[in-house]
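Okay, structure first, notes after.
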Amino acid sequence: MGFGPEAGYRPDAGYGLEVATTGFVLEARGLSRHFRIGGLRGHTLHAVDDLDMGIAGREIVALVGESGSGKSTVAPLLAMVYRPTAGEILFRGRPVSSLRRRRQLLVYRGEVPMVCQDPFSSLNPAHTIGYALLRGLKLHRPDLDRRRREAEAERVLDVVGLVPPAAIMTKYPYELSGGQRQRVGFAQALSYRPKLILADEPVSMLDVSIRIGLLNVMARLREEEKVSILYITHDIASARYVSDRVLVMYAGHLVEQGPTDDVLHNPVHPYTRLLLSAVPDPRAEMAVTSADVGEPPRVIDPGEGCRFRWRCPLATDVCEKVTPRLRPAAPGHEAACHVTVPGPVPEISGAGR
Amino acid sequence: MSTAALPGGRVSGAKAFWARFRAGPVGGLARAIASNRKATAGFVILAIFCFLAAFPGLIAHDNPQAEIYQPTLQPSGAHLLGTTAYGQDLFAELIYSTRESLFIAVMAGALATVLSVIIGVTAAYLGGLVDNVLSLFTDIFLVIPAFPLIVVIAAYSKNGGDPIIIAVLVVTGWSYGARQLRVQALSIRNRDFLVAARLRGERRWRVIVSEMLPTMTSLIVAIFLGTTLYAIVAAAGLQFVGLGNPDSLSWGTMLYWAQNNEALQAGSPLWAIMPGVCIAMLGAAFALLNYAFDEVSNPALRPVRKRRK
Amino acid sequence: MRYVLRRLGFFVATLWACLTINFVLPRFMPGNPAVAMMDRFKGRVSGQALGALEIAFGVNNNESAIRQYFTYFGNTFTGHWGLSLTFFPDQVSHVVFSALPWTIGLVGVTTVLAFIAGTLVGMLSAWRRGGLLDSVFPPLFVIVSAFPYFFLALMGLLLFNVTLHWVPLGFGYSNTDTPGLDWHYIGDVLYHAILPATVILVTSVGGWVLTMRNNMISTLSEDYVRMARAKGLSPARIMFAYAGRNAVLPNLTGFAMSLGFVVSGAILVEYVFSYPGVGYILLSAVENEDYALMQTLFLFITVAVLIAILAMDFVTMALDPRARTQG
Amino acid sequence: MTGKVILEVEGLSVDYASSAGTANAVDQVSFELAEREFLAVVGESGCGKSTLLFAIARLLTPPAEVSGGKVLFSGQNMVAMSDKALRTLRWRDLSVVMQSAMNALNPVSSIGAQFSDVMRAHGEKDQKAVRARSEEVLTMVGIDPVHLASYAHQLSGGMRQRAMIAMALLFSPELILMDEPTSALDVVAQRSLMVQVKQLQADLGFAIIFVTHDMSLVAHFSDRVAVMYAGQVVETRPTRALFADPLHPYTRGLLDSFPSIYGPRSLVQGIPGSPPDLTRLPPGCNFAARCPKAMPRCATDAPAQYLVDDALVRCLLYEEAAPAREPGDRPVTERAARD
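Residue numbers (the numbering used here), protein chains in the order written: chain P, 1 to 353; chain C, 354 to 662; chain L, 663 to 989; chain G, 990 to 1328.
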């Protein structure tokens, strides 16, 4: 079954595609992205390495990590802003690398739109809010005439809580608050009738009281609009509030993943434990803190071995030689650590990949 | 300054248009000129010169080039500024010269600005090798002293008249603007709304034209003003040293003939002073407008009134 | 270290571009001016000098364009710049070297003075916002810097020479004097240089005041200036070591880049005062269609600007550690 | 508040002159600070917390200006002091740590040069003593003294913040004002810096005013918390009590907006609407428009600060409690008359 264009682009026909066998809407297999940095000597920065993950329908998955963990490279990778250095992205079971022509990319970008982080640079200051919304609808919903496009634009603004929608349409970005601008970002994504929204730290620049409003909008999109969301953040508490599953990244590796409350209440990987102990929580007593000073991860020409070993209290010599793979620690709950995950420890001689 | 909260529901045509115009980038420019004393002064001077360029006949009734009067007359009722050594009426020549001086400057300014935008924005948007080559090219043209280059080119193309002067000014005038535009385009390039536009499915050229350029209007206008100012001074300089078309009707050429006839020493200083004053005033108009634009785009520069405590 | 390599690369690239322009222009401009000029030389010049000129303009010799290009390069770097038509039979190199010190003295010294004065005035006017310096000077300088150089020169002449007779009409020194290193001659040179120098100073200082004032205003709102005040440092130290030093950095590269513009203005000032510098010679070369001299002068002016830019780059490196370490 | 009072702020107000009219950024703020005390000033963006901090330290730049009130520090009213007199007091008794060390450190001079700058400005001419003290404070915050020679852009985020704290300790001042020093750091680096600041306070005995937008960050580190909204302090209370039982509706709303990792996952509303425009403040309570417990009177009468056991609350719900005399001489309700 051709993907979109061969079968003629019929927006309302749902393409007649069966959901891929694995039940994931979007999946990454061995996905890596490296950047060449440094002048003549030339180093490679390993932003993302061997990422295996999947996002199912009507699900919010939180991707958590500190700065330098590579989490902010995952969204542009999945949105095909960058080309992956290695590995594959599967959308509904089909590799996206096969999408070559503009029309195909347009369909993909309609189904997997991205919401950006900075409310002050995500909207063009020289255009009204309506301009971008109507342009998007014109490109992705050619079946709608001008009047129905405006009606749809006002509908999506209403869904994300921007009222009165007609007035918002004619306003310029400088007339809106940070929270309102991020809601416009979600409205824009919603107007393409997406399957999965990639939200790259959508609330990290907002005040706490407004942040909650946005998280509730994301929850409502999942319930009422049946949209999955990949929520990328460094704020674990907000990840717990809104996500079904959580993925923890450190130095380009996915170190732990599983249902949110499993991972947060009995973390397996030492980094996840360190992260959770450092999160300031007014209601809980202050956990005994480690002496860890929190220096940035080493991701330039890292080589083999676990990249947390320099900070890890449980590091052994296996950790220095073999890069740990994700292994199950509980039903649906995996972690990439030789020490804390029960089960056979790979021989040192047996080279990891 | 923010427009009053618009009434709900469909907004009536005219009011909506004005509200959007006032709030939009173009409205912003108009409002900036009106609110800033320096900008208004510059605008008024420019308006006067434009009027003179459009309808010289209304002010000066004599034929500017007819050599029919007594030579080197002092200013009198008939000849407000006296006459030249060749018997031309100075006042008429001065007024009629406005058109060509203004035309050369504005044309050169506009074309150079277009070149600046094309090179500057493309270099920033495409990046990589293209960016390196184009910015090296820009820096080279910026560093090579413009006037000697103009003089050499003009000399080779012996008094080719206005088109040559305009071409020369454009070739040497675009680089400063291109450099400024590239810097601002680079800062905009990795802003999220451009990535969002690409992800929306916009084509590459459309992203540049309908997303990047509208946010750079105030800088483009500032560069046009700056380049035109440069063109005014350079064109006058060229004509003054005799590299322009000697019998063209422009202030620079008037200065050339005044200098040749030792006007200052020979008792008719106005012949040299007046065209110089006109060039200076036109230049000042563009400079004032340009300076006011800096204040519009960077509020920190606005004059600080000492609070009387 | 990479910063130095990049700047040297730029120096070479611009020099190469300038040479290429010099080489290409006479050949491709309409009416082939090179041939016209050569005919005027034909009768008055010996074979060897004629040969050098023919190469310089690639006139009626059978070498391919590329070979001519390289022989032209060879000649330029070995000082064979041909004969000057205006100062026949002087070698172009002699004419240029005699004119250079005048321009460097007049334009070089004045521009550096204008830069220093402009930076200081700009710094002070930003430091005391709303004060006399800040409200009077900037608008005044905006208008004055818009005036064409030669207009101010003419007005200066009119006021100080024609009416007040304080200053000589022009030229570098009065013709009753014989050039030599005695005080009398030097005094005379300075006496002649006062008006042209003032004109250049007045028109170019405005630009520096405005750019420095703008930079200084943005630097003063930086956190490290507020930190310096919190540390209880003396106002002078804050103005110079913290705000001033950071504000002047963009001005340095700006100064170098706009030297070309200042030199352009100075040429006209030399013309009005018939001051025996490179500018005046260039214009007289243009009048006499003396292309050999013109090309060399154009080359020299560009090289002078390039050297100034290189010097500015090293000054920036000294002042800005980020340029040093990040490379 | 146990020890001797070292700082008294009475009715401090700051106005911002802007094109849209004068904004009342800080409105009649009053509080006292004891020696060795850790006071946290918490509030969301635009509530005036940083402006208050810089007003106390007399570091405001135009268009912001102190429009009223007194700041009594080591016996002198800093608002009225001349710049010259103030300079001897700066950094010796009161130093400042800013949000981003990347901007707060002079990019063109080395860390060591900036240390000796301030020591020379306060009369310490002997180079050896300056170097020794600089190395001492750097080691105190866990940075290798070799970094005295490096520049701000060569250090990591955490190290830059520590270098700035070291600089603040040079004269072991009585009071250090901190403007969100950890908000640019990741959570692990943030926690370790907070622990270190607490440790240094215990060793050297300086008082801290710590401004932040992240309430949960100061839960375990501060002695007292002052919550600010739209330029006014709405609640001041010892930390444990404030987190256990917040009185002012805004404090309660703010606390609820922090989802917790532990405990049940319930829907949280946060605080609807957005803060008022400081150039056009409403007549009554600034929070009335967004307050779930707003009474009709809240829209007209401006609440004063009322003493409710160990808390000062600016809310009409607690009006029957005795109206607290503002430490200054002016009656509390003067603001109502002025509007």
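For glycine and all other residues, C-beta sits at the position ideal for the given N, C-alpha and C.
- prompt: For the alpha helix (DSSP H) that contains Q753 of chain L, what are its first and last residues?
  reply: The residue you call residue 753 of chain L lines up with position 91 of the third sequence. No alpha helix (DSSP H) holds Q753 of chain L; DSSP gives it neither H nor E.
message: Is it the case that the region 673–686 of chain L contacts the region 954–968 of chain L, given that we only count it when at least three CB pairs across the two stretches are under 8 Å?
response: yes
- request: State the Cα-Cα distance for the pair R327 of chain P and G93 of chain P, rounded to the nearest angstrom.
  value: One-based indexing of the first sequence puts residue 327 of chain P at position 327. One-based indexing of the first sequence puts residue 93 of chain P at position 93. Approximately 23 Å between the Cα atoms of the pair.
message: Any contact between the region 1195–1209 of chain G and the region 1018–1026 of chain G? By contact I mean 3 or more CB pairs, one from each, below 8 Å.
response: yes
- prompt: Going by C-alpha distance, which of L:W828, L:V851, L:V798 is nearest W764 of chain L?
  reply: Working through the third sequence from its first residue, we reach residue 764 of chain L at position 102. Selected option, being the one with the closest Cα: L:V851.
- prompt: Under 8 Å between the Cβ atoms of P810 of chain L and G579 of chain C?
  reply: As a working note, residue 810 of chain L is residue 148 in the third sequence. As a working note, residue 579 of chain C is residue 226 in the second sequence. Not closer than 8 Å, so no.
task: Determine the burial state of M354 of chain C: buried for a count of at least 16 other Cβ atoms within 10 Å of its Cβ, exposed for fewer.
output: Your numbering for residue 354 of chain C matches position 1 in the second sequence. Confidence at M354 of chain C is low in this model, with a pLDDT of 27, below 50, so the placement of that residue is unreliable and no value is reported for it.
query: Can you round the beta-carbon distance between Y933 of chain L and L921 of chain L to whole angstroms, since I take them to be within the 8 Å contact cut?
result: For the purposes of this step, residue 933 of chain L is taken as residue 271 along the third sequence, with counting starting at 1. For the purposes of this step, residue 921 of chain L is taken as residue 259 along the third sequence, with counting starting at 1. Y933 of chain L to L921 of chain L, Cβ: 19 Å. No contact.
message: Between D158 of chain P and chain C, is any beta-carbon pair separated by less than 8 Å?
response: As a first step, residue 158 of chain P must be located in the first sequence, where it is residue number 158. No, D158 of chain P lies away from the interface with chain C (no Cβ there is under 8 Å from its Cβ).
message: Can you tell me where the beta strand (DSSP E) holding L1301 of chain G begins and where it ends?
response: Position 312 of the fourth sequence, counted from the first residue, corresponds to residue 1301 of chain G. Segment 1300–1302, the beta strand (DSSP E) holding L1301 of chain G.
field: Nearest-angstrom beta carbon gap, V504 of chain C and L596 of chain C [assumed within contact, 8 Å]
entry: Your numbering for residue 596 of chain C matches position 243 in the second sequence. Your numbering for residue 504 of chain C matches position 151 in the second sequence. L596 of chain C to V504 of chain C, Cβ: 7 Å. Contact.
query: Which residues of chain G have a Cβ atom closer than 8 Å to the Cβ of A892 of chain L, listed in chain order?
result: The sequence position of residue 892 of chain L within the third sequence is 230, counting from 1. Within chain G, the residues whose beta carbon sits less than 8 Å from that of A892 of chain L are A1046, L1048, R1079, W1080, S1084, V1085, listed in sequence order.
message: Would P270 of chain P and C319 of chain P qualify as a contact pair, given that the criterion is a beta-carbon distance under 8 Å?
response: Stepping through the first sequence from its first residue, residue 270 of chain P is reached at position 270. Stepping through the first sequence from its first residue, residue 319 of chain P is reached at position 319. Going by C-beta atoms, P270 of chain P is not nearer than 8 Å to C319 of chain P.
message: For a minimum of 4 consecutive residues, which ranges assigned as the alpha helix (DSSP H) are wholly contained in the region 543–625 of chain C?
response: For the region 543–625 of chain C, whole alpha helix (DSSP H) runs of length 4 or above, ordered along the chain, are 545–553, 570–593, 604–613.
- prompt: In chain order, which continuous runs of the alpha helix (DSSP H) of length 4 or greater are located wholly inside the region 106–174 of chain P?
  reply: 129–140, 146–159, 165–170
- prompt: Short check: CB of E111 of chain P to CB of K195 of chain P, under 8 Å?
  reply: Translated into the one-based positions of the first sequence, residue 111 of chain P becomes position 111. Translated into the one-based positions of the first sequence, residue 195 of chain P becomes position 195. In contact: E111 of chain P and K195 of chain P (Cβ atoms closer than 8 Å).
task: Verify the CB distance criterion: does G130 of chain P have a CB-CB separation below 8 Å to chain C?
output: The residue you call residue 130 of chain P lines up with position 130 of the first sequence. For G130 of chain P, the answer is no, since every Cβ of chain C falls outside 8 Å of its Cβ.
- request: Can you have a look at A859 of chain L and say buried or exposed, based on whether 16 or more other CB atoms are within 10 angstroms of its CB?
  value: Looking up residue 859 of chain L in the third sequence gives position 197. By the C-beta density criterion, A859 of chain L is buried, having at least 16 other C-beta atoms within 10 angstroms.
message: Along the chain, where does the beta strand (DSSP E) containing G1000 of chain G start, and where does it finish?
response: Residue numbering aside, residue 1000 of chain G sits at position 11 when the fourth sequence is read from its first letter. Its beta strand (DSSP E) spans residues 994–1007.
query: Taking Cβ-Cβ distances shorter than 7 Å, what residues in chain C pair up with F621 of chain L?
result: Coverage of chain L is limited to positions 663 through 989, which leaves residue 621 of chain L absent and any answer about it impossible.
query: With a Cβ-Cβ cutoff of 8 Å, do L617 of chain C and L820 of chain L count as a contact?
result: The count along the second sequence starts at 1 and reaches residue 617 of chain C at position 264. The count along the third sequence starts at 1 and reaches residue 820 of chain L at position 158. Contact: yes.
message: Taking its Cβ as the centre, do 16 or more other Cβ atoms sit within 10 Å of W743 of chain L, making it buried, or is it exposed?
response: Counting from 1 along the third sequence, the entry for residue 743 of chain L is found at position 81. Taking a 10 Å sphere around the C-beta of W743 of chain L, we find 16 or more other C-beta atoms and assign the residue as buried.
task: Have a look at G842 of chain L and P830 of chain L and give me their C-alpha separation to the nearest angstrom.
output: For the purposes of this step, residue 842 of chain L is identified with residue 180 of the third sequence, where counting begins at 1. For the purposes of this step, residue 830 of chain L is identified with residue 168 of the third sequence, where counting begins at 1. G842 of chain L and P830 of chain L: Cα-Cα distance of roughly 20 Å.
- prompt: Contact between the region 469–479 of chain C and the region 428–437 of chain C: three or more CB pairs below 8 Å?
  reply: no
message: Going by DSSP, what residue range makes up the beta strand (DSSP E) through I232 of chain P?
response: In the first sequence, residue 232 of chain P corresponds to position 232, counting from 1. 228–233 is the span of the beta strand (DSSP E), which, as asked, contains I232 of chain P.
message: Once the 5 residues before and after R986 of chain L are set aside, which same chain residues still bring their CB inside 6 Å of it?
response: As a position in the third sequence, residue 986 of chain L is number 324, starting the count at 1. Excluding residues within five positions, the ones whose Cβ falls inside 6 Å are M979.
message: So, under 8 Å CB-CB, I236 of chain P and V64 of chain P are touching, yes? Tell me the CB distance rounded to an integer number of Å.
response: As a position in the first sequence, residue 236 of chain P is number 236, starting the count at 1. As a position in the first sequence, residue 64 of chain P is number 64, starting the count at 1. I236 of chain P to V64 of chain P, Cβ: 6 Å. Contact.
field: Cβ contact check for the region 253–270 of chain P and the region 48–60 of chain P: 3 or more pairs under 8 Å
entry: yes
task: Give the straight-line distance between the Cα atoms of G303 of chain P and R557 of chain C, rounded to the nearest whole angstrom.
output: Your numbering for residue 303 of chain P matches position 303 in the first sequence. Your numbering for residue 557 of chain C matches position 204 in the second sequence. Cα to Cα, the separation comes out at about 38 Å.
query: Looking only at its own chain, which residues have a Cβ that is under 6 Å from the Cβ of I386 of chain C, when we skip the five neighbours before and after it?
result: On the second sequence, residue 386 of chain C is found 33 positions in, with the first residue counted as 1. A392, F396.
Buried or exposed (CB count within 10 angstroms, at least 16 for buried), S488 of chain C: The residue you call residue 488 of chain C lines up with position 135 of the second sequence. Buried, since its Cβ has 16 or more Cβ neighbours within 10 Å.
field: Residue interval of the beta strand (DSSP E) (run including T323 of chain P)
entry: Within the first sequence, residue 323 of chain P is the residue found at index 323, counting from 1. Segment: none, T323 of chain P is in no beta strand (DSSP E) and carries neither H nor E.
- request: Taking the CB atoms as reference points, tell me whether V548 of chain C and V81 of chain P lie closer together than 8 Å.
  value: If you number the second sequence from 1, residue 548 of chain C lands on position 195. If you number the first sequence from 1, residue 81 of chain P lands on position 81. Their beta carbons are under 8 Å apart, which means V548 of chain C touches V81 of chain P by this criterion.
- prompt: Which runs of the alpha helix (DSSP H), 4 residues or longer, sit entirely within the region 243–282 of chain P?
  reply: 260–265, 270–278
- prompt: Name the chain G residues that come within less than 9 Å of R907 of chain L, Cβ to Cβ?
  reply: For this step, residue 907 of chain L is matched to residue 245 along the third sequence. Result: N1095, V1097, S1098.
- prompt: Can you tell me where the beta strand (DSSP E) with F822 of chain L in it begins and where it stops?
  reply: Counted from its first residue, the third sequence places residue 822 of chain L at position 160. Note, F822 of chain L: premise wrong, no beta strand (DSSP E); not H, not E.
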